[in-house]
Amino acid sequence: MQRTLDLADENGSAFEAVSPQASVPDNILTFACVLPTKRGINVSNEVLIVQLPAQENVRQLRLHICVQAQEKGHHPDICHVLDPECYQLLYTRGPDWCEIYDDYQILRTLEAVRYWHQQGIKMGKIFVKPTSEGKEQGKTFHSNLAYLIGHDLNKTVVDRLDELSFARRKFASPRKIELCNRNPREYVTEPWTASVPLPKDQQTMLNSRIPITFHYNGVSLSVKADLKERPSALIEMFMQKMSDRGSAMEYAASDLTLKVCGREEFLTGEWALADFLWVRQCLKTKEGIHLSVLPVLSFQEDEVRIEDWPLVDSVTGLFNSHRDLTLANKEVDDILMISLWDCNRNFRVKLLGFDIPQFPGKAPQYVYVEAFILHGKNVVSSVRSVPKAFEDEVLWNVWLEFDMLLKNLPRGSKLGFSINGIYIDGNSTKENKSPPAGGKLSDYPKGKEKALYFVNLLLIDHRCLLRQGQHTLHMWPFPEQEEEMFTFEADKLSSTTNPDLVNSMAITIILDKYSFPVVLPHSRDSPPSSSSSVSSSLTKDDVSSKPSAVSHKGILQRLREESSQYGSHLLQFLSTINWCDPDTVRDIHWLLHNWDPHDLDISVALELLSIKYADEEVRRMAIKKLERLTNNELLRYLLQLVQTLKVEPYHDSFLARFLIQRALRSKRVGHYFFWYMRSEVTGSLYFRDRFAVILEAYLMGCGQAMLDGFLKQAQMVDCLHKVATDIKKVFSEKSDLPPNAALILQDMLRSHVLPQNFQVPYDPRIIAGQIVLEKCKVMASKKKPLWLEFTCWTSEESPNHTVGIIFKHGDDLRQDMLVIQTLLIMDSIWQEKSLDLNLVPYGCISTGYNIGMIEIVRDATTIATIQRNKGGTTGAFKNDALLEWLKGKCEREETLYQAMERFVTSCAGYCVATYVLGIGDRHNDNIMITEQGNLFHIDFGHILGNTKRFLGVNRERVPFVLTPDFLYVMGRVNKKSSLYFMRFRDTCIRAYLELRSHSSLLVTLFSLMTVTGIPELCCSEDIRYLTEALQVGRNEESARDHFLQQINICEQLGWTVQANWWIHLLVGIKQA
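Heads up: the sequence shown begins at 1 in the UniProt record's numbering, then just goes up one per residue.
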């Protein structure tokens, strides 16, 4: 057979292929396989022409390459081509190298084949290349990544086709797409802008010109600019000033950008000056606006290391249609895989038994195994074994059959096992022997039952294959203490097995074994059925009624016209669907594909990503809505979205890809994404691999500048973690601090090599320099947090100005992060209505398991300190202490008036916020005030009505803190009316009613956080507090009266708060 080929060398340049003279049937694929060998010097690589049926798999392709190469003597070691660990099958798709990765993928479903078909290439070219070991530089790069991630994935991966390996390779595709589309300049100089109107007290400045100082190469120039001007206009002003001075500029205006002096913050884009956060901050604090003028070329390049891994198919070819896989009208020799929808028998599992190397602390007399099928958090079917006496090895060797057909298993369903103990009182135990197999429930031993161990197995894996054969699963123990790192809502649904193979309980099971792989089809290649049970009408009245059939005609147009009306009812409608009915699910998917996600409210979209909705297409629609969010909006919900990754059934999900791409698009989003993810890697054993592989995908594309910044931050966190741990060994939690506590801390810090500078994790705009040892101290608090001061790096400000950070070890700061994030959302809700309540949502971030950083708010004092200075421990009862302190800080009458205004509005804001969020433990060291009059709360260790108790008695008897000294500042003495108090009350009501109009969003945000493992946010009762506080379901008048009643209660019982504050001053930890 004559063939003429213009063969390429190993770099993959293009070539032309002349097809065989004989015609090739349509179901036969032809490949030109370029071997890694040559016949001689200066000649092209050897090529084999391989023809295979399109229904064969990649393994068969490797086998044909091997056989032909051996027959022709092309390669002495070619038999190793059968091992994908030794040889890769590569091809080029445009400028990209791609790998045919899955040996079990059907050839005709390969993206390579589809690409060649689109290009009109009848003979595709495949390069057979040895797998490279990786250069030393690459090993160093991946070693640094492992350090930044906090987990080495290379030591975790077992098989190239396991889910972790597959996810690592598949995430290269969204990364590649994002990097190709990323604008380097916009990525480096992304501005921080406000998304709410300018506060009322600053709007008068819109008609005035404000002074701005430019700094360039040691030259400082001042101009006056309108707040409506754009950054480009400012640069033109600067250029004109330089020209007036006779100074020549070597850069054009388009090559310059404006950067806030001493901060990683830029003024760029088509925003007005008044929209930039830093400009607003300067207007509020009456500070001067100082800007550096920099050439864009001076920035550190965000170089991205060349991709190590070729791209792989985004969707495995095992994901076929039912028509392609069905057994109907097929000969045995034509069968390669079986469609799951052809399996008409009940699902079953053979329970062999378990063995346990270590007994639990209190061993039960009997145990039994409960097996269940999970979809999301719903148990769709369950069965249990008979109990047996508990020993180090217990055997059953029985089949457990479920009342569910195999073909109805939805994607993402899990097979769960729970080993439960039966504890029998000694008086009621007659014999310690197992009941007979198949005995009645009445024959089972009676006693207290307790769940001991659990584990889950994905029934349909990441390649859409049904699990088969024998499996030994290492189980997780249920925590014996509530404070352990565990949350039943999410962790119990994890499909990760216990990595402690030596000491963990191991259960062995057998699933039915088939002669072929069993695959879940992605479609039937037919229109939706006319008989499946899906609603054709989503009316507001009958949305929860029994669904009826979908009619193709008319419904699409109706959906497009009326989906905005149904959006609020979509959650209720989807909750009625039977996700184990493939026909119903198929029609629901059709509906969702034709639903405009733009009409969804953001709270609905977020709720669709909760643990309640496991269907992939439902979650995909939610992501389509989120794709419309700006970076500012995305940052509001990023904390929840990262946590929601836990409820995804697979590592690779639409949510994971969305977050990776948005983090790669924005340094702001990427910075917080890194820390949110890294904190979970260190603190979430059940999802460590998932968070690690997603974080790796981001880090491989964020750029060298970001990597260098993260490396410094991680090194600083590690050093401070060691110091904080050592400090707690020296000073116990309940001990007072000796006079030399600060010196001991300073000596410890001196012994560590700290980075010269680093971006502050809770605010990447701030660059901290060297540590100022003489200002560092141990704080007089239970957890012994560290008060740390750093110089400002490259700051134009006073050399005495420092960056203050509290480093805390021993508390889960994710709870504080949630409260502060919610305060920011509340503030944006109020600001949208021109209601500025002068909140102080200080920086706070978790940097690992029970460690993190908190911003020190400058010029602020605790209420306890003010009271203590006024009258010692009895200062808690000095009603005039706070007002006198404010007068001492505000000597001018105008300044005092402004401080009083800020106090009234901030007090109202925090009264509403702390009530709605149920924040407890509000002693006088947890409430602070700035010298400008801003009242604010700190340390949110108790939320959602979980208050502190003493001897079983609730210490907090008021809904929020409104003490006599607060009222005294407002002129409210002996219930005497005052203008300030009236304004306080009106502001409270207005703020409360505005929050009620966003109740669904606030409730959803907290609901999504139930998967974190935060002890005070783990169940429906905690969420119920929020709905009751917001008076969900009540009318506005009733809600208004409700909050006024709460204010009255605070006035009546304010003395109880003062009494608690007096006790706190009396018995609190002392600072020497």
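The beta carbon of each residue, even a glycine, is placed where N, CA and C say it ideally should be.
Integer Cβ distance of residue i from residue j, believed to fall under 8 Å
| i | j | result |
| --- | --- | --- |
| residue 1079 | residue 579 | Residue 1079 cannot be examined here, being either before or after the span of the chain that is shown, 1 to 1072. |
| residue 944 | residue 1041 | The pair is not a contact, with the Cβ atoms about 23 Å apart (cut-off 8 Å). |
| residue 776 | residue 745 | 6 Å |
| residue 462 | residue 931 | Actually they do not touch by this definition, with Cβ atoms about 57 Å apart. |
| residue 417 | residue 369 | 6 Å |
| residue 996 | residue 1026 | Going by Cβ atoms, the distance from residue 996 to residue 1026 rounds to 11 Å, so no, they are not a contact pair. |
| residue 1080 | residue 647 | Missing from the structure shown is residue 1080; the chain here goes from 1 to 1072 and no further. |
Identity of the residue in the options nearest residue i by Cα
| i | options | result |
| --- | --- | --- |
| residue 999 | 588, 826, 463 | 826 |
| residue 515 | 271, 337, 414, 163 | 337 |
| residue 457 | 477, 451, 424, 493 | 493 |
| residue 584 | 723, 408, 738 | 408 |
| residue 105 | 60, 339, 898 | 60 |
| residue 902 | 924, 936, 114 | 936 |
| residue 624 | 213, 609, 813, 125 | 609 |
| residue 920 | 991, 816, 982 | 816 |
Backbone CA spacing between residue i and residue j [nearest angstrom]
| i | j | result |
| --- | --- | --- |
| residue 420 | residue 519 | 33 Å |
| residue 404 | residue 683 | 36 Å |
| residue 302 | residue 240 | 31 Å |
| residue 110 | residue 281 | 55 Å |
| residue 785 | residue 718 | 15 Å |
| residue 742 | residue 850 | 23 Å |
| residue 90 | residue 171 | 18 Å |
| residue 713 | residue 755 | 8 Å |
| residue 556 | residue 586 | With a pLDDT of only 49 at residue 556, under the threshold of 50, the placement of this residue in the model should not be trusted, and no figure is reported. |
| residue 399 | residue 335 | 28 Å |
| residue 1045 | residue 780 | 37 Å |
Helix, strand or coil at residue i according to DSSP, with G and I counted as helix
| i | result |
| --- | --- |
| residue 661 | helix |
| residue 79 | helix |
| residue 225 | strand |
| residue 847 | strand |
| residue 259 | strand |
| residue 375 | strand |
| residue 916 | helix |
| residue 545 | Per-residue confidence for residue 545 stands at a pLDDT of 36, beneath the threshold of 50, marking its modelled position as unreliable; no derived number is given. |
| residue 1056 | helix |
| residue 209 | strand |
| residue 522 | coil |
| residue 467 | coil |
| residue 764 | strand |
| residue 833 | coil |
| residue 808 | strand |
| residue 826 | helix |
| residue 861 | strand |
| residue 631 | helix |
| residue 282 | helix |
| residue 1064 | helix |
| residue 741 | helix |
| residue 886 | helix |
| residue 927 | strand |
Beta carbon of residue i nearer than 9 Å to that of residue j
| i | j | result |
| --- | --- | --- |
| residue 193 | residue 231 | no |
| residue 941 | residue 736 | no |
| residue 58 | residue 103 | yes |
| residue 272 | residue 200 | no |
| residue 766 | residue 803 | yes |
| residue 415 | residue 345 | no |
| residue 214 | residue 220 | yes |
| residue 929 | residue 938 | no |
| residue 629 | residue 588 | no |
| residue 773 | residue 720 | no |
| residue 606 | residue 1005 | yes |
| residue 31 | residue 55 | no |
Near the ligand NAP: residue i beta-carbon under 8 Å from a heavy atom
| i | result |
| --- | --- |
| residue 215 | Among the ligands in the structure shown, none appear at all, so the ligand NAP cannot be discussed. |
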